[in-house]
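Enquirer: Taking UniProt numbering, I'd label the letters of the sequence shown as residues 1 to 124. Let me give you the structure first, and then I'll get to my questions.
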Amino acid sequence: MKEELKLPLEHALREWASATPFRFSRVDNLSQADIRISFFRGYHGDGQPFGSKDAGLAHTFAPPDGRVHFDAAQKWSSKGEKDAYDVQTVGLHELGHALGLGHTRILKAVMYPMVLEGERKRFA
1 MKEELKLPLE HALREWASAT PFRFSRVDNL SQADIRISFF RGYHGDGQPF GSKDAGLAHT
61 FAPPDGRVHF DAAQKWSSKG EKDAYDVQTV GLHELGHALG LGHTRILKAV MYPMVLEGER
121 KRFA
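Structure, rendered in structure tokens:
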């Protein structure tokens, strides 16, 4: 994972921690992690390859699995670039799935199933 993407994903975890009773901490041993965030291109062994128009920007496996996969071929940003996807916004959404949440029909909500390039969503 690129270093500049780590901090906004940590911010996304902090947002969930402030809005829920969940607490998050980094672990050294990956086998001890409840949530594992990774970036992949194309086929990456989980049966949900990136690269097709239907593949999406990221996908998450619901609890207790906890895998969160981002498409590394997408242009990701932590600085609000209009031609890139905001990694914190998508991170908030995917972490919601990792916590067991589904989609909503509320357009401005973090758990709405679509996001546009340059769009930023945060908790109020």
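Ideal placement from N, C-alpha and C gives every residue a C-beta, glycine not left out. Note that the structure is a prediction, hence the values are computed from the model and not measured.
DSSP three-state call for Ala-58: helix, strand or coil?
Expert: If DSSP states are grouped into helix, strand and coil, Ala-58 belongs with the strands.
Enquirer: Which residue's Cα is closest to the Cα of Pro-21: Phe-39, Leu-99, Asp-34, Tyr-112?
Expert: Per the Cα distances, Leu-99.
Enquirer: Is it buried or exposed, Ala-12, if we count other Cβ atoms within 10 angstroms and call 16 or more buried?
Expert: With 16 or more Cβ atoms within 10 Å of its Cβ, Ala-12 is classed as buried.
Enquirer: Do Glu-94 and Gly-118 have their beta-carbon atoms positioned less than 8 Å apart in this structure?
Expert: Result no, Cβ atoms of Gly-118 and Glu-94 do not sit closer than 8 Å.
Enquirer: Ser-31 by DSSP, collapsed to three states: which one?
Expert: Three-state result, Ser-31: helix.
Enquirer: Beta-carbon separation of Val-90 and Phe-61 under 8 Å?
Expert: Cβ atoms of Val-90 and Phe-61: not closer than 8 Å.
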